[in-house]
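In the working numbering, the protein residues as written are 54 to 249. Ideal placement from N, C-alpha and C gives every residue a C-beta, glycine not left out. For clarity, every value in this text was computed on a predicted model and none was experimentally measured. Taking it in order: structure first as structure tokens, then the write-up.
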Amino acid sequence: MVSFFLALCLGVGLAAACGLRVFLPLLALSLASKAGLVDVGSGFAWLGSWTAIACFSLAALTETLAYYIPWLDHALDTIATPAAAIAGTLVAATQLGLDAHAVDPMLKWSASLIAGGGAATAVQSTTVLARAVSTASTAGLGNSIVATVENVGAIVLSILSLVVPLLVGVLLLALVFALLHRVITRRRAALAPAIA
């Protein structure tokens, strides 16, 4: 049970990092798999190949640099949102049901889509909003700062997910509870004047 929880934290942590940058967490997972630090299961053994590392390196470099080009960053956001959901689902699936015979594939992919794809999409949606606010308030001049924060966040979250997945899991749960509390508080505040 503990190993499943750690695997879930690792998978969801990397998925959340995919919401910041699609390919940096995939590159981190690929390198960790190649180094033998993370088990991705036999179905995802290709992630630890030199070919995958080369492809993810090129994709991560291209994605990272492209976000510093003002008009291109918005175009990337349109394709990054579904790509982040797919990447988040993939990295979560590498950790859920490492033994293919122990977990029903339908359950594995459903859980991966909900937990991994959901985490990546939630984070990606937040970055799209941050970029839109930055563009509106700074005429796009602040977008490079947003891009730098996202790059650093993706790297740090990927490393933390691989090194201390339990910490990432606790932080993500705390963030979810804080957001839920905020939504509930705002909803109650909005309903209070209507009732009075």
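Rounded straight-line distance, which links the Cα of T188 to that of G94: Here residue 94 refers to the residue found at position 41 of the sequence shown. Here residue 188 refers to the residue found at position 135 of the sequence shown. Cα to Cα, the separation comes out at about 42 Å.
Assigned secondary structure, A192 (DSSP; H/G/I helix, E/B strand, else coil): Within the sequence shown, residue 192 is the residue found at index 139, counting from 1. It is coil, neither helix nor strand.
Same chain, Cβ closer than 7 Å to Y121, neighbours up to 5 away in sequence not counted: Residue 121 sits at position 68 when you count from the first residue of the sequence shown. Around Y121: S197, A200.
Exposure label - S56; buried when at least 16 CB within 10 Å: As a first step, residue 56 is located in the sequence shown; it is residue number 3 there, counting from the start. The residue in question, S56, is exposed, as its Cβ has fewer than 16 Cβ neighbours within 10 Å.
Pick from A243, R184, V217, A245 that is closest to P123, judged by C-alpha positions: Position 70 of the sequence shown holds residue 123. Comparing Cα-Cα distances from P123 to each of A243, R184, V217, A245, the minimum goes to R184.
C-beta contact flag for A145 and G222 at 8 Å: For the purposes of this step, residue 145 is taken as the residue at position 92 of the sequence shown. For the purposes of this step, residue 222 is taken as the residue at position 169 of the sequence shown. Cβ distance not < 8 Å, so A145 and G222 don't count as in contact.
DSSP-derived helix/strand/coil call for R260: Outside the shown range of the chain (54 to 249) lies residue 260, about which nothing can therefore be said.
Near the ligand ADP: K161 beta-carbon under 7 Å from a heavy atom: This structure lacks the ligand ADP; in fact it carries no ligand of any kind.
Selection from E203, F58, L79, W103 that minimises the alpha carbon distance to L118: As a working mapping, residue 118 is identified with position 65 in the sequence shown. It is E203 whose Cα lies nearest to the Cα of L118.
Beta-carbon separation (whole angstroms), G72 vs A137, contact threshold 8 Å: Position 19 of the sequence shown, counted from the first residue, corresponds to residue 72. Position 84 of the sequence shown, counted from the first residue, corresponds to residue 137. Contact check for G72 and A137: beta-carbon distance about 5 Å, within the 8 Å limit, so the pair qualifies.
Proximity of L213 and T147 at Cβ, strictly below 8 Å: In the sequence shown, counting from the first residue as 1, residue 213 sits at position 160. In the sequence shown, counting from the first residue as 1, residue 147 sits at position 94. No.
A69 beta carbon less than 8 Å from that of L215: Residue 215 sits at position 162 when you count from the first residue of the sequence shown. Residue 69 sits at position 16 when you count from the first residue of the sequence shown. Not in contact: L215 and A69 (Cβ atoms no closer than 8 Å).
Cut-off 7 Å between Cβ atoms - residues of its own chain near F76, not counting five sequence neighbours on either side: Here residue 76 refers to the residue found at position 23 of the sequence shown. Cβ-Cβ distances below 7 Å link F76 to F109, A112, A113, E116 in the same chain, with the five nearest sequence neighbours on each side left out; the list follows chain order.
Contact set for S211: own chain, Cβ-Cβ below 7 Å, skip 5 residues either direction: The count along the sequence shown starts at 1 and reaches residue 211 at position 158. Excluding residues within five positions, the ones whose Cβ falls inside 7 Å are L67, A70, L77, P78, A81.
Supposed contact pair V181 and D130 - C-beta distance, whole angstroms, cut 8 Å: Numbered from its first residue, the sequence shown carries residue 130 at position 77. Numbered from its first residue, the sequence shown carries residue 181 at position 128. Sure, about 5 Å apart at Cβ, within 8 Å.
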